[in-house]
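K.L.:
Structure below; questions to follow.
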């Protein structure tokens, strides 16, 4: 089977890159092994949450100069970053995902622990707060579903209290949801979202909240609405006589899964081929050192051939890297990996300090092409969390790197760079 | 009651808890004081091996005989804390097979049922054992959950009128005219200092008993011997596996609940390090290398955690590792030894012989008080163990128990009937790995002296499974915050809990463990945003 481009990975960077390429006339195949970081996202994107010295960035693009030279943002460069950041909202809108936020400045989002963290762009069901914004000091009703332990009401209400709201916490009890409890592991965000996708169930939920509302001007709800599309969000907003904030739950993430499905549909609508539930297991190289083919677990000896390959396999966590007792390897192409040699330098003994292992990635050249044995593999680009030179978790840059590197890799293949 | 305890017991490990129960059963008014949570010292940091005594049969006959006697007692009185797996002592090609005869002879002399079997039979009994074994002996080893055992003793002591103070540290032993009259304690949560008076004071501080004794102006020389262990994510073997040779490093593999534990090492450490023992890379290497000799599949099994404890050995001779120091019980009436009245130290011994240690300490207390009541702990089941086996207990409570109810019975025994598992909501799962429910968590917070998530983990096993608290910590913190009304404190506690879990993971952070750690980092820092300042 031959394509113009084969992308290994099915997460944010793979889908963005694949869609951009496919829409520009390339034939693209995505090999996706299953769940990816989007399923566990927070419903918002980070571009650069904090600078290496711990301070908060002002203009995000201007701030990139403070990052080390090997950082993917430095390789993409400020001009392109500004262009790409400006294109991001439009790109996602074309895939049916409405993002809000300022493309060049951070706002704040509230996490599932009731902590405000920097956010760049967010989905409809993630409220963003401006830096330094001190809300009205109104009254908030914090609502959860009876028996749902993945929405930590005490944490959320204490955060709204800190923001000046007078909070009251209530539980809505619904027969349809109670049925989930018969199987004790089923009370999770996605299962609840599935139940609340039914029109009658959603109506009953909204009436339940209305029944509990007294004089509150704000309602805080968990992100358990709209797995397929955002129509439940619109229904809730239009029918509750209060301002509605949706706040994150413990994973899995309903907005994350929805956006992943939207991106996948957009890729397929453009004509791309999505190979689900399969894993790339080995690769072939030609005599010049270019990648010639990739083989997968399910397809056996049938090669997937292409002129260009993109590795978007998600780093350590996505199995794009493997750590053994004494070394870190990229298992598919045996690429060069950016990780300390001594295992004791992989981690810090304090969980909450910077961990080196969350920044392991493949070494690339100036145009994000992979290095193997110190030499550039000219038709293999590395994007997203697989790309070395960054520590996305530490920087709050995971989604930004995924999207920016995806745009850059696509444009480079399309000859626009 | 602030004044007039019959006995004050210092130390909430298994020895102190057992002594508190024994004294309470004899009708004494008891105060148990623990500076941290119960079972935080050596009690919670060992193999969880229900020794048959075979390990000590050759080198320490007295301890061996105590072990087998207590082994049989615990199988009766602590049925929901122990598992009668049976054990194998295997000889490998590099071991002297001639030792086997000496070993079996010594076991018989100590009253331990030891039976030589054919290596092929051993492989059939335990397919994961090293297939190159040249000899095998079956012994009545088993496993014991030390947290559960300690908790059951504390629960029973309280039910019989004992007062228990956790997070209270003894800062002074009060003396008057050559006798100990009580203690001054620091309430570590609220910061107050209080005094409690008792007719007799028992030092059951384990390795920290050295310090308690010094507060009373007497000396109890301890030999802190660190032992490191690894927990594997599966139950690799069904039976306890030992090497048939003189006790050495990493030669015991114990199955417990859903995991397996290999250990230990033995290294003398400075007394000052007892409060913060860490596992070194060399120890990890040694445990893996030697452990794989018992069961080769260990080398391909995911490691969950590394941890270490400090054996409260009583100093004697000049043994550099402590391997040859007797595990025998040491009960000191300081009047006889030091002329200090009403102060007793109970130390040495083992988790296995805690009940006997408690009996000896309680006998000494009663002798001082002129109380004639006899020890009945060997006959009286601990709370949770009254009914019988797991299945029987579960069916007696619920005609058709659910899996969550069964899991709770596995931990709490017959106490599971009282922990809110009758409703669907109570059965909602907080910890998927260990099947710990909302009801069990809420009940532990209400009734079992829980202050932190880590305390809660010791009570319920929540957070001890494959994900190491990644998802359940957040959920349990919500339950705790609801109970206390202090969300910021619960959030700080959640951070402490995640760090405590990490402490056991980073020494073995490679392979699947590192991948899980990357995921846990993501969930904690990105999804939950923990340890960040708000707007």
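Residue numbers (the numbering used here), protein chains in the order written: chain A, 552 to 968; chain B, 91 to 625.
Think of the CB as a built atom: it goes at the ideal place given N, C-alpha and C, for glycine as much as any other residue.
Report yes or no: do three or more beta-carbon pairs, one from the stretch 130-140 of chain B and one from the stretch 223-237 of chain B, lie closer than 8 Å?
P.N.:
Yes, since at least three Cβ pairs between the stretch 130-140 of chain B and the stretch 223-237 of chain B fall closer than 8 Å, the two stretches touch.
K.L.:
Please list, in chain order, the residues of the stretch 791-822 of chain A that have any C-beta partner in chain B closer than 7 Å.
P.N.:
From the stretch 791-822 of chain A, only 799, 801, 802 have a Cβ closer than 7 Å to chain B.
K.L.:
Let me make sure I understand the geometry here. Which of 898(A), 911(A), 895(A) has the alpha-carbon closest to that of residue 888(A)?
P.N.:
As a position in the first chain, residue 888(A) is number 337, starting the count at 1. Taking only the C-alpha atoms, the option nearest residue 888(A) is 911(A).
K.L.:
Give the secondary structure of residue 589(A) by DSSP, where H, G and I count as helix, E and B as strand, and everything else as coil.
P.N.:
As a working mapping, residue 589(A) is identified with position 38 in the first chain. The answer is helix: DSSP assigns residue 589(A) an H, G or I state.
K.L.:
What are the boundary residues of the beta strand (DSSP E) that residue 848(A) is part of?
P.N.:
If you number the first chain from 1, residue 848(A) lands on position 297. No beta strand (DSSP E) holds residue 848(A); DSSP gives it neither H nor E.
K.L.:
Count the other CB atoms within 10 Å of the CB of residue 876(A); is the residue buried (16 or more) or exposed (fewer)?
P.N.:
Counting from one through the first chain, the residue named residue 876(A) turns up at place 325. Exposed.
K.L.:
Interface residues of chain B around residue 705(A) at Cβ under 8 Å?
P.N.:
Position 154 of the first chain, counted from the start, is the residue given in the question as residue 705(A). The answer, in chain order, is 568, 571, 572, 575, 577, 580.
K.L.:
How would you list, in chain order, the residues of chain A whose beta-carbon sits under 7 Å from the beta-carbon of residue 611(B)?
P.N.:
Numbered from its first residue, the second chain carries residue 611(B) at position 521. Under the 7 Å cutoff, chain A gives 906, 909, 944.
K.L.:
DSSP state of residue 417(B), grouped into three classes?
P.N.:
Position 327 of the second chain, counted from the first residue, corresponds to residue 417(B). DSSP places residue 417(B) in coil when its eight states are reduced to three.
K.L.:
At the 8 Å Cβ level, is residue 501(B) part of the contact set with chain A, yes or no?
P.N.:
Reading the second chain from its first residue, position 411 is the one you call residue 501(B). For residue 501(B), the answer is no, since every Cβ of chain A falls outside 8 Å of its Cβ.
K.L.:
Would residue 115(B) pass as an interface residue toward chain A - the criterion being a Cβ-Cβ separation below 8 Å?
P.N.:
Stepping through the second chain from its first residue, residue 115(B) is reached at position 25. False, the Cβ-Cβ gap to chain A never drops below 8 Å.
K.L.:
By Cβ distance below 6 Å, which residues in the same chain neighbour residue 811(A) in space, the five residues on each side in sequence not counted?
P.N.:
Residue numbering aside, residue 811(A) sits at position 260 when the first chain is read from its first letter. Excluding residues within five positions, the ones whose Cβ falls inside 6 Å are 589.
K.L.:
With a threshold of 16 other CB atoms inside 10 Å of the CB of residue 955(A), please say whether the residue is buried or exposed.
P.N.:
Residue mapping note: residue 955(A) aligns to position 404 of the first chain, counting from 1. By the neighbour-count rule (16 or more Cβ atoms within 10 Å), residue 955(A) is buried.
K.L.:
Using a Cβ-Cβ cutoff of less than 6 Å, which residues in the same chain neighbour residue 883(A) once the five nearest sequence positions on both sides are dropped?
P.N.:
If you number the first chain from 1, residue 883(A) lands on position 332. Closer than 6 Å at the Cβ level, and outside the excluded window around residue 883(A), lie 831, 834.
K.L.:
Starting from residue 461(B), follow its DSSP beta bridges and name the residues at the other end.
P.N.:
Your numbering for residue 461(B) matches position 371 in the second chain. Looking at the DSSP assignment, residue 461(B) forms no beta bridge with any residue, so it has no partner.
K.L.:
Write down the C-beta distance between residue 119(B) and residue 251(B) rounded to the nearest angstrom, noting that I regard them as a contact closer than 8 Å.
P.N.:
Sequence index remark: in the second chain, residue 119(B) carries index 29 (1-based). Sequence index remark: in the second chain, residue 251(B) carries index 161 (1-based). Residue 119(B) to residue 251(B), Cβ: 7 Å. Contact.
K.L.:
Rounded to whole angstroms, what is the Cα-Cα separation between residue 970(A) and residue 561(A)?
P.N.:
Past the edges of chain A, shown from 552 to 968, lies residue 970(A), and the structure says nothing about it.
K.L.:
In terms of alpha-carbon separation, which member of 743(A), 808(A), 829(A), 740(A) lies closest to residue 849(A)?
P.N.:
Position 298 of the first chain, counting from 1, holds the residue named residue 849(A). Of the listed residues, the one whose Cα sits closest to residue 849(A) is 829(A).
K.L.:
What residues in the stretch 888-906 of chain A have a beta carbon less than 9 Å from any beta carbon of chain B?
P.N.:
Correct list: 894, 895, 897, 898, 899, 900, 901, 902, 903, 906.
K.L.:
Taking the alpha helix (DSSP H) that residue 105(B) falls in, what are its first and last residues?
P.N.:
Along the second chain, read from residue 1 onward, the residue named residue 105(B) stands at position 15. Element bounds for residue 105(B): 104-115.
K.L.:
Give me, in chain order, the residues of the same chain whose beta-carbon lies closer than 6 Å to that of residue 498(B); leave out the 5 immediate sequence neighbours on both sides.
P.N.:
In the second chain, counting from the first residue as 1, residue 498(B) sits at position 408. Excluding positions up to five away in sequence, the list reads 506, 511, 530.
K.L.:
Just how far apart, CA to CA, sit residue 893(A) and residue 152(B)?
P.N.:
Here residue 893(A) is taken as the residue at index 342 of the first chain, counted from 1. Here residue 152(B) is taken as the residue at index 62 of the second chain, counted from 1. Roughly 47 Å separates the two Cα atoms.
K.L.:
Quick check on residue 581(B): buried or exposed, where buried means 16 or more other Cβ atoms within 10 Å of its Cβ?
P.N.:
Within the second chain, numbered from 1, the residue matching residue 581(B) stands at position 491. With 16 or more Cβ atoms within 10 Å of its Cβ, residue 581(B) is classed as buried.
K.L.:
Between which two residues does the alpha helix (DSSP H) containing residue 1023(A) stretch?
P.N.:
Here chain A covers residues 552 to 968 and nothing more, so residue 1023(A) does not appear.
K.L.:
With 16 as the cutoff for other CB atoms within 10 Å, does residue 730(A) come out buried or exposed?
P.N.:
Counting from one through the first chain, the residue named residue 730(A) turns up at place 179. Its Cβ having fewer than 16 others within 10 Å, residue 730(A) is exposed.
K.L.:
Scan the stretch 631-681 of chain A and note each continuous beta strand (DSSP E) run of 3 residues or more that stays entirely inside, going in chain order.
P.N.:
Listed in chain order, the complete beta strand (DSSP E) runs (minimum 3 residues) inside the stretch 631-681 of chain A are 658-661, 667-670, 672-674.
K.L.:
For residue 938(A), name the three-state secondary structure that DSSP assigns.
P.N.:
As a position in the first chain, residue 938(A) is number 387, starting the count at 1. Correct three-state label for residue 938(A): strand.
K.L.:
Kindly say whether residue 700(A), judged by its beta-carbon, lies nearer than 8 Å to any beta-carbon of chain B.
P.N.:
Against the first chain, residue 700(A) aligns to sequence position 149. By this cut-off, residue 700(A) is an interface position.
K.L.:
Does the CB of residue 732(A) have a neighbour CB from chain B at under 8 Å?
P.N.:
Counted from its first residue, the first chain places residue 732(A) at position 181. Yes, residue 732(A) lies at the interface with chain B (some Cβ there is under 8 Å from its Cβ).
K.L.:
Taking the alpha carbon of residue 438(B) as the point to measure from, which residue in 536(B), 335(B), 372(B), 313(B) has its own alpha carbon closest?
P.N.:
Here residue 438(B) is taken as the residue at index 348 of the second chain, counted from 1. Selected option, being the one with the closest Cα: 313(B).
K.L.:
Could you say which of 755(A), 639(A), 661(A) lies nearest to residue 564(A) if we only look at CA atoms?
P.N.:
Position 13 of the first chain, counting from 1, holds the residue named residue 564(A). Out of 755(A), 639(A), 661(A), 639(A) has the C-alpha closest to the C-alpha of residue 564(A).
K.L.:
Among 117(B), 338(B), 446(B), 429(B), which has the Cα closest to the Cα of residue 158(B)?
P.N.:
Within the second chain, residue 158(B) is the residue found at index 68, counting from 1. Considering only alpha carbons, the answer is 446(B).
K.L.:
Note down, in chain order, each residue of its chain lying with its Cβ closer than 7 Å to the Cβ of residue 279(B), except the 5 sequence neighbours on either side.
P.N.:
Position 189 of the second chain holds residue 279(B). Taken in chain order, the residues that qualify are 257, 541.
K.L.:
Once the 5 residues before and after residue 245(B) are set aside, which same chain residues still bring their CB inside 7 Å of it?
P.N.:
Numbered from 1 along the second chain, position 155 holds the residue referred to as residue 245(B). Excluding positions up to five away in sequence, the list reads 473.
K.L.:
Less than 8 Å between C-beta atoms, sequence neighbours within five positions excluded: which residues of the same chain meet that for residue 587(B)?
P.N.:
Sequence index remark: in the second chain, residue 587(B) carries index 497 (1-based). Excluding residues within five positions, the ones whose Cβ falls inside 8 Å are 542, 543, 544, 547, 553, 559, 563, 567.
K.L.:
From residue 401(B) to residue 898(A), what distance separates their C-alpha atoms?
P.N.:
Position 311 of the second chain holds residue 401(B). Position 347 of the first chain holds residue 898(A). Computed Cα separation, rounded: 29 Å.
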